[in-house]
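K.L.:
Okay, here's the structure, questions in a sec.
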Amino acid sequence: MDFAQAFWVLLLGSLLGLELIGKVPPTLHTPLMSGANAVSGITMLAALTLIITAKNNLPLLIIGSISLGFALFNVVGGFVVTDRMLAMFNRKPSKKLK
Amino acid sequence: MDVSLIQSFINLIAVLLLALGIKGLSKVRSAKEANRLAAFAMFLSIIGLLTYYLGKPGEGITQQSWLWIIIGTLVGSLFGAILAKRVPMTSMPETVALFNGCGGMSSLLVAIGVIFFQRNETFIQDISILISIFVGSITFSGSIIAMAKLQGWLSTPSWTQSKIRHLINISIAIISLVAFLNLIQSVNTSTIWLLVISSTVLGIGVTLPIGGADMPVVISLLNSYSGIAAAAAGFVVGSQLLIVAGAMVGAAGLILTQVMCKGMNRSLVSVLFGGTLSSQSKKLDSGGEYTNITSCSAEECALTLEAANKVIIVPGYGLAVAQAQHTLREVAKILEQNDIDVSYAIHPVAGRMPGHMNVLLAEADVPYEQLKEMDNINPDFPATDVVLVLGANDVVNPQAKSDQNSPLYGMPVLDVQEARTVFVIKRGMSAGYSGIKNDLFDLPNTSMVFGDAKQVLSEIMTELKELGVGAK
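Those protein sequences? They're chains A and B, same order as listed. Following the working numbering, the numbering of the first sequence begins with 715 at its first residue and continues without gaps. Following the working numbering, the numbering of the second sequence begins with 553 at its first residue and continues without gaps.
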């Protein structure tokens, strides 16, 4: 991957992010923030790459593993917590039907 | 077929699903599915990466690598899931802050690992590593401080409110910058640690002076930073998917930060550099004493409620702190049984984060349709008999509309003073987080009910039951 290409990807990703959440009802700000926060744990891929390419370098393996742990803490925790918040909204319509 | 082609294809799908996920999270109807979609996309991206390394000739994944992958995965996911399942809904903001800090830490560790062991000595990689270290450290230390302050483990030290802190922070920023520039020219171990330490201290120094109620804005900003750190890590290991996803979160976080600032009528600059609002307003002579406070008991409040036709409840931060949302729902149920129209006025920044109040009330089974946004409910106040203000303060201050000299002037507020009777349930006469006198309390149609929100509400409930309300 050369630099120009990577830079294009960065630019397009940023523009996409700016466009994606133009209008959000205030109700969803906290869940959205929490969900976006979980996505930022995508750095787990970098940690995985580090471990895989470390071969037999023990310090690097350990650093990568800790990094992977932190990232997955963010990802798994983030999605579960967002799911919990959103479950509360979804419960409403079904109750109303009763 | 070439494995890198397969990986590219999987990554493409993952990016698409992530974008759809974030987009779907901004609509109530699709939010839950969207969150799961995003989670699935993340899982897919891992599969893509593993496929690539397993399938690529001459690469493969050693047994030792597998071992460390499994350890990291198990420990991280397990702790994350347990914490996320157990944490009470009222502590949501600090939980998000903690998760966010760990994301920053992860990017920081990747950068450190690569700079010490895997540097390919290209200019671009070096720069990305340094950015990842800088932003990752700030995200980590800032988020941890934010969490500690929201949990009440840390208060705002008074020295941080003086001008000296700017001097200190600027000096630390300069040290970071010098270390950064030095490292671009030549990498050496001690300078790397200098950069790590100085940016960590900078994260603490910038976050510590910020008042507790401004924290959500800071968390949202730090969330944006962790996206930037992830994108930088993407440059470090050469992953397009990381760059896209990181940039997306970074940009989306900025938008959300802006929305929050708007709701509080604060500019990002004043949140970051202004210190707490109360220290600013001390200089302004905004105060004056209260002259016409009427206080009453829970019993009187219950009597007035019983006679009402239309009641609007204004929940605020104090309600969340007292964890009174369930008791509130009980009171509302009793009133509804007596054919009293009950609705909730939700200010955009009610609670501790935008939308946090909605989550808390939803947890207490408050019907979604009863939650009204500020612009929709403001015209209803003149036709309302009783307004119950529960632990809200600045968001119901009429000064924001009437007094041009008030620091609050221009902030959107709920026009509760238009209602026939207003009850403010509050622990004491202390000011809201802005530190400004609330003109509402002085109005003739306002009565104060002093006490803890939860306790007052249960007293009201007892009184209502004794009056026979809701018994039929």
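Glycine included, each C-beta is placed from N, C-alpha and C at the ideal position. None of these values were measured; they are calculated from a predicted model.
1. In whole angstroms, what is the alpha-carbon distance linking T879(B) and S1010(B)?
2. Below 8 Å on the Cβ atoms is my contact criterion, and I expect Q875(B) with Y896(B) to pass it. Report the Cβ-Cβ distance as a whole number of Å.
3. Please identify the residue among I683(B), P645(B), V948(B) whose C-alpha is closest to the C-alpha of I696(B).
4. Would you mind giving the Cβ-Cβ distance between V789(A) and G755(A), rounded to the nearest angstrom? I have them listed as a contact below 8 Å.
5. Quick check on K496(B): does DSSP put it in helix, strand or coil?
6. What did DSSP end up calling A971(B) once you bin it into helix, strand or coil?
7. I think A944(B) touches A902(B), with their Cβ atoms under 8 Å apart; what is that distance to the nearest whole Å?
8. Just by C-beta distance, which residues in the region 700 to 734 of chain B are closer than 9 Å to chain A?
9. What's the gap between the Cα of S830(B) and the Cα of F561(B)?
10. Enumerate in chain order the residues of its own chain whose CB-to-CB distance from E888(B) is below 6 Å, with the five nearest sequence positions on each side excluded.
11. When the Cα atoms are used, what is the spatial distance from S779(A) to L601(B)?
12. Can you pull out the residues from the region 670 to 695 of chain B whose beta carbon lies closer than 8 Å to at least one beta carbon of chain A?
13. Mapping DSSP to helix, strand and coil, what is P900(B)?
14. Given that N775(B) touches chain A, what residues does it touch there, using C-beta distances under 7 Å?
15. Taking the CB atoms as reference points, tell me whether V567(B) and L793(B) lie closer together than 8 Å.
16. Would you decide whether P640(B) is buried or exposed? Buried here means 16 or more other CB atoms lie within 10 Å of its CB.
17. In terms of residues, what are the limits of the beta strand (DSSP E) holding M963(B)?
18. Indicate whether at least one CB of chain B lies closer than 8 Å to the CB of A785(A).
19. Measuring alpha carbon to alpha carbon, tell me which residue in Q616(B), S629(B), I565(B), K584(B) is nearest I599(B).
20. Should H908(B) be labelled buried (16 or more other beta-carbon atoms within 10 Å of its own) or exposed?
21. Along the chain, where does the alpha helix (DSSP H) that runs through T744(A) open and close?
22. Between which two residues does the beta strand (DSSP E) carrying E1018(B) extend?
23. Can you give me the C-alpha to C-alpha distance between A797(B) and S728(B), rounded to a whole angstrom?
24. Between which two residues does the beta strand (DSSP E) holding V753(B) run?
25. Can you check which of these residues, I977(B), I676(B), S597(B), S578(B), is closest to T846(B) by C-alpha distance?
26. Output needed for K810(A): all residues of its chain with C-beta closer than 8 Å, excluding positions within five of it in sequence on either side, in chain order.
27. Under 8 Å between beta-carbons, which chain A residues line up against M644(B)? List them in chain order, please.
28. Can you look up E925(B) in the DSSP assignment and give me helix, strand or coil?
29. Which residues, in order along the region 902 to 936 of chain B, keep a beta-carbon less than 7 Å from a beta-carbon of chain A?
30. Is the Cβ of M963(B) closer than 8 Å to any Cβ of chain A?
31. Determine, for A718(A), whether the minimum Cβ-Cβ distance to residues of chain B falls below 8 Å.
32. Using the C-alpha atoms, what's the distance from S556(B) back to I765(A)?
33. Measure how close the beta-carbons of L775(A) and L762(A) come, nearest whole angstrom, since I'm counting them as under 8 Å.
34. In the structure shown, what three-state DSSP assignment does P867(B) receive?
35. Measure the alpha-carbon distance for A718(A) versus A781(B) and round it to whole angstroms.
36. What residue does the alpha helix (DSSP H) around S693(B) start on, and which one ends it?
P.N.:
Judging by the given coordinates:
1. As a position in the second sequence, residue 879(B) is number 327, starting the count at 1. As a position in the second sequence, residue 1010(B) is number 458, starting the count at 1. Answer to the nearest angstrom: the Cα atoms are 6 Å apart.
2. The residue labelled residue 875(B) in the question sits at position 323 within the second sequence. The residue labelled residue 896(B) in the question sits at position 344 within the second sequence. That pair is no contact at about 17 Å.
3. The residue you call residue 696(B) lines up with position 144 of the second sequence. For the residues I683(B), P645(B), V948(B), the minimum Cα distance to I696(B) belongs to P645(B).
4. Position 75 of the first sequence holds residue 789(A). Position 41 of the first sequence holds residue 755(A). Confirmed, Cβ separation roughly 4 Å.
5. Residue 496(B) cannot be examined here, being either before or after the span of chain B that is shown, 553 to 1024.
6. Numbered from its first residue, the second sequence carries residue 971(B) at position 419. Coil at A971(B), not helix or strand.
7. As a working note, residue 944(B) is residue 392 in the second sequence. As a working note, residue 902(B) is residue 350 in the second sequence. Their Cβ separation, rounded to whole angstroms, is 7 Å, which keeps A944(B) and A902(B) in contact under 8 Å.
8. none
9. As a position in the second sequence, residue 830(B) is number 278, starting the count at 1. As a position in the second sequence, residue 561(B) is number 9, starting the count at 1. Legend: pLDDT at S830(B) = 48, less than 50; position of this residue unreliable, value from coordinates given subsequently. If I take the Cα positions, the gap works out to 54 Å.
10. Position 336 of the second sequence, counted from the first residue, corresponds to residue 888(B). Cβ neighbours of E888(B) beyond the five flanking positions: V894.
11. Residue 779(A) sits at position 65 when you count from the first residue of the first sequence. Residue 601(B) sits at position 49 when you count from the first residue of the second sequence. Cα to Cα, the separation comes out at about 16 Å.
12. Q670, I676
13. The count along the second sequence starts at 1 and reaches residue 900(B) at position 348. Note: P900(B) maps to coil in three-state DSSP.
14. As a first step, residue 775(B) is located in the second sequence; it is residue number 223 there, counting from the start. Simply M747, A750, N751, S754.
15. As a working note, residue 567(B) is residue 15 in the second sequence. As a working note, residue 793(B) is residue 241 in the second sequence. Yes, they are a contact pair.
16. For the purposes of this step, residue 640(B) is taken as the residue at position 88 of the second sequence. Looking at its Cβ environment, which holds fewer than 16 other Cβ atoms inside 10 Å, P640(B) is exposed.
17. For the purposes of this step, residue 963(B) is identified with residue 411 of the second sequence, where counting begins at 1. Where M963(B) is concerned, there is no enclosing beta strand (DSSP E), given that its DSSP letter is neither H nor E.
18. One-based indexing of the first sequence puts residue 785(A) at position 71. Judged by the 8 Å Cβ criterion, A785(A) is in contact with chain B.
19. Mapped onto the second sequence, residue 599(B) falls at position 47. Selected option, being the one with the closest Cα: I565(B).
20. Translated into the one-based positions of the second sequence, residue 908(B) becomes position 356. Looking at its Cβ environment, which holds 16 or more other Cβ atoms inside 10 Å, H908(B) is buried.
21. Here residue 744(A) corresponds to residue number 30 of the first sequence, with the count starting at 1. Per DSSP, T744(A) belongs to the alpha helix (DSSP H) from 743 to 753.
22. As a working note, residue 1018(B) is residue 466 in the second sequence. Per DSSP, E1018(B) belongs to no beta strand (DSSP E); it is in the alpha helix (DSSP H), 1005 to 1018.
23. Sequence index remark: in the second sequence, residue 797(B) carries index 245 (1-based). Sequence index remark: in the second sequence, residue 728(B) carries index 176 (1-based). Cα to Cα, the separation comes out at about 27 Å.
24. By one-based count along the second sequence, residue 753(B) stands at place 201. Taken as a continuous stretch (DSSP letters only), V753(B) belongs to no beta strand (DSSP E), being part of the alpha helix (DSSP H) at 741 to 759.
25. Within the second sequence, residue 846(B) is the residue found at index 294, counting from 1. Checked all of I977(B), I676(B), S597(B), S578(B); the closest Cα to T846(B) is I977(B).
26. Within the first sequence, the letter at position 96 stands for residue 810(A). Model confidence at K810(A) stands at a pLDDT of 39, short of 50, so the residue's coordinates are unreliable and nothing is read from them.
27. Within the second sequence, the letter at position 92 stands for residue 644(B). Per Cβ cutoff of 8 Å: T744, S748, V795, M799.
28. Position 373 of the second sequence, counting from 1, holds the residue named residue 925(B). Looking at E925(B) - three-state DSSP - the assignment turns out to be strand.
29. M905, P906, G907, H908, N910, V911, A914, E915, P919, Y920, E925
30. The residue given as residue 963(B) occupies position 411 in the second sequence. Chain A contact via Cβ: absent.
31. Translated into the one-based positions of the first sequence, residue 718(A) becomes position 4. With 8 Å as the cut-off, A718(A) does not count as an interface residue toward chain B.
32. Residue 765(A) sits at position 51 when you count from the first residue of the first sequence. Residue 556(B) sits at position 4 when you count from the first residue of the second sequence. The alpha-carbon atoms of I765(A) and S556(B) are separated by roughly 19 Å.
33. Taking the first residue of the first sequence as position 1, residue 775(A) is located at position 61. Taking the first residue of the first sequence as position 1, residue 762(A) is located at position 48. About 12 Å; that fails the 8 Å criterion.
34. Walking along the second sequence from the start, residue 867(B) turns up at place 315. If DSSP states are grouped into helix, strand and coil, P867(B) belongs with the strands.
35. Walking along the first sequence from the start, residue 718(A) turns up at place 4. Walking along the second sequence from the start, residue 781(B) turns up at place 229. Using only the alpha carbons, I get a separation of about 19 Å.
36. Residue mapping note: residue 693(B) aligns to position 141 of the second sequence, counting from 1. S693(B) -> alpha helix (DSSP H) spans 675 to 703.
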